[in-house]
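Scroll down for the structure; my scribbles are underneath it.
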Amino acid sequence: MSGIHDGWTITPWTRHDDLSVPMFHKTHVPYTPLPNNLQHLEVWVPAAYTSQTHAESLPASWLPPPNTTWVIYIHGGAWRDPLETAADFTPALQHLSPEVFESKAPVAFASISYSLSGYPGHSTCPSSPSEYSRNVRHPRHVLDVLTGLSFLQQRAGFGSNYILVGHSCGATLAFQAALRPERWGVDSGRAFVEAPRMVVGLNGLYDLPVLVADPGDGYKKYCGVYEEFVRSAFGDDEEQWRVVSPVYVGDWAGEWPGGRHVLLVQSREDTLVPFEQMERLRDGLLKSGGGKLSVEVVEGYGDHYDIWKYGKQLAGVLERAIDVFRL
Ligand SMILES: N[C@@H](CC(=O)c1ccccc1NC=O)C(=O)O
Numbered sequence: 001m002s003g004i005h006d007g008w009t010i011t012p013w014t015r016h017d018d019l020s021v022p023m024f025h026k027t028h029v030p031y032t033p034l035p036n037n038l039q040h041l042e043v044w045v046p047a048a049y050t051s052q053t054h055a056e057s058l059p060a061s062w063l064p065p066p067n068t069t070w071v072i073y074i075h076g077g078a079w080r081d082p083l084e085t086a087a088d089f090t091p092a093l094q095h096l097s098p099e100v101f102e103s104k105a106p107v108a109f110a111s112i113s114y115s116l117s118g119y120p121g122h123s124t125c126p127s128s129p130s131e132y133s134r135n136v137r138h139p140r141h142v143l144d145v146l147t148g149l150s151f152l153q154q155r156a157g158f159g160s161n162y163i164l165v166g167h168s169c170g171a172t173l174a175f176q177a178a179l180r181p182e183r184w185g186v187d188s189g190r191a192f193v194e195a196p197r198m199v200v201g202l203n204g205l206y207d208l209p210v211l212v213a214d215p216g217d218g219y220k221k222y223c224g225v226y227e228e229f230v231r232s233a234f235g236d237d238e239e240q241w242r243v244v245s246p247v248y249v250g251d252w253a254g255e256w257p258g259g260r261h262v263l264l265v266q267s268r269e270d271t272l273v274p275f276e277q278m279e280r281l282r283d284g285l286l287k288s289g290g291g292k293l294s295v296e297v298v299e300g301y302g303d304h305y306d307i308w309k310y311g312k313q314l315a316g317v318l319e320r321a322i323d324v325f326r327l
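For the sequence shown, the residue numbers in UniProt numbering are 1 to 327.
What follows is the structure, given as structure tokens:
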């Protein structure tokens, strides 16, 4: 694990003083042995948790303490837009209140990049058929996320002590990643991945058949776009669209036994994702989540991308999530 091909040790820590508190950052850490262009992740750890608060660098092999709670982000972009990346998490890290780090329980952050589906019609960055990282289909997206989580867990040893946060299709992926991995064709004997105790969904896509067929007033003009990206990511078998949608999970308590908290954030001003997507998942979680899963809904504000673009709103959501998680 610590050989020369290990993605953790080949990637240096660099110090960043432009975030809410000084942090050490690893960028583009490959989480699989022969990574494509998108199979990498970002890591940030507050400098206060190192023994050298004022140091300019750390040994690349350094790891935060094993009792650290991790907050791990999955970006959106309809499973296909290369302009949304793991770096979308940065504005939130700039806006977090420094008080978050005054607790004795340390917090670190990661953001996972993953392979995308084809987007030959992108206005500025069309995919070409030869780009391996931009021509995958489900379950590759969620398997990449699970591989990234497993990579981090094997190194940093945090187990289920983490909050998985996703925006838009990243929220879909976060809930998929919380379910038993066998669902996505992972052999449980080989897949060392522990589910999160908390998932935070931001302006998420949770019911793909309804999104494509009947998204409601104000959203019908996007039916063609929804259908195009759903077909690109999940293929033409409409039964599959149901199988992959979190809304149709019949037994949350059984499929995510370690789940303790869900926080759903949706803006009514979101011009791309109908509010009803969140309401349908909320109802499903309340119905079969069992006694151990708490579900909280927060109304967000602004348009679809505003929540992460102007990091203040996402920072507030993370502060709330960390508070609930620590209860
Ligand atoms: N920028 C994306 C559009 C997009 O991300 C999107 C559009 C409608 C509903 C949800 C979306 N994103 C979810 O991840 C694209 O060009 O496909």
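Glycine included, C-beta positions come from ideal geometry on N, C-alpha and C.
Query, Result
"Tell me the rounded alpha-carbon separation between Ser138 and Gly170.", "Here residue 138 is His; the residue named in the question, Ser, does not match the sequence. Distance between the alpha carbons of His138 and Gly170 is about 13 Å."
"Using C-beta distances below 8 Å, list every residue in its chain close to Pro98, excluding the 5 sequence neighbours before and after it, in chain order.", "Ser20 and Val21"
"So if DSSP puts Thr27 in a beta bridge, which residue, or which two residues, is it bridged to?", "DSSP, once it has assigned bridges, lists no residue as partnering Thr27."
"If contact is defined by three or more beta carbon pairs under 8 Å, each pair taking one atom from either stretch, is the region 43 to 59 in contact with the region 117 to 127?", "no"
"Just verifying my parser: in three-state terms, what is the DSSP assignment at Ile307?", "helix"
"For Leu251, which residues in the same chain have their Cβ closer than 8 Å to its Cβ, ignoring the five residues on either side in sequence?", "Residue 251 is actually Asp in this sequence, not Leu. Hits under 8 Å: Ser288."
"For Val193, which residues of its own chain have a beta-carbon under 7 Å away from its beta-carbon, when the five flanking residues on both sides are left out?", "Leu146, Leu149, Ser150, Gln153 and Pro181"
"Nearest to Gln94 by CA position, among Lys312, Val295, Arg280 and His261, is which residue?", "Lys312"
"Check the DSSP bridge columns for Phe109 and list the partner residues they point to.", "Trp44 and Val71"
"For the beta strand (DSSP E) containing Tyr162, list its first residue and its last residue.", "Tyr162 to His167"
"Who does His261 pair with in a DSSP beta bridge?", "Met198 and Ser294"
"Could you spell out where the beta strand (DSSP E) holding Arg15 opens and where it closes?", "Thr14 to His16"
"Cα separation between Gly216 and Gln277?", "10 Å"
"Work out the CA separation of Gly224 and Arg155 for me, nearest whole Å.", "43 Å"
"In terms of residue numbering, what span does the alpha helix (DSSP H) encompassing Cys223 cover?", "Cys223 to Phe234"
"Any idea which residues DSSP pairs Gly300 with across the strands?", "Ser267"
"When you compare only the Cα positions, how much space is there between Gly290 and Pro126?", "44 Å"
"Tell me the DSSP secondary structure of Ala78 in three-state form.", "coil"
"Tell me whether residue 338 counts as near ligand 1, meaning its Cβ is closer than 7 Å to at least one heavy atom of that ligand.", "The first residue shown for the chain is 1 and the last is 327, placing residue 338 beyond what the model contains."
"Below 8 Å on the Cβ atoms is my guess for Pro246 versus Gly157; work out the distance and round it to an integer in Å.", "In fact, because the Cβ distance is near 28 Å, the residues do not count as touching under 8 Å."
"Return helix, strand or coil for Ile322, following the three-state DSSP convention.", "helix"
"When we look at the beta-carbon of residue 356 and count the other beta-carbons within 10 Å, is it buried (16 or more) or exposed?", "As shown, the chain starts at 1 and ends at 327. That puts residue 356 outside it, with no answer to give."
"Kindly indicate which three-state DSSP category Ser245 falls into: helix, strand or coil?", "coil"
"Nearest CA to the CA of Val71: which residue from Val107, Pro82 and Glu56?", "Val107"
"Looking at C-beta atoms only, is the number of pairs between the region 294 to 301 and the region 264 to 277 that lie closer than 8 Å three or more?", "yes"
"Would you say the beta carbon of Asp144 comes nearer than 7 Å to a heavy atom of ligand 1?", "no"
"Taking buried to mean at least 16 other C-beta atoms within 10 Å of its own C-beta, is Met1 buried or exposed?", "Note that Met1 scores a pLDDT of 46, beneath 50, so its modelled location is shaky and nothing firm can be said."
"When you compare only the Cα positions, how much space is there between Ser61 and Met23?", "16 Å"
"Taking any heavy atom of ligand 1 as the mark, which residues have a C-beta closer than 5 Å to it, listed down the chain?", "Gly76, Gly77, Ala78, Asp81, Ser168, Cys169 and Leu272"
"Anyone know if the C-beta pair for His41 and Ala78 falls short of 8 Å?", "The sequence shown places Leu at residue 41, rather than the His named in the question. Cβ atoms of Leu41 and Ala78: not closer than 8 Å."
"Comparing C-alpha positions only, which one of Pro209, Ala321, Lys26 and Lys221 sits nearest to Asp236?", "Pro209"
"When you compare only the Cα positions, how much space is there between Glu319 and Ala92?", "10 Å"
"Taking the alpha carbon of His75 as the point to measure from, which residue in Gly284, Glu228 and Thr172 has its own alpha carbon closest?", "Thr172"
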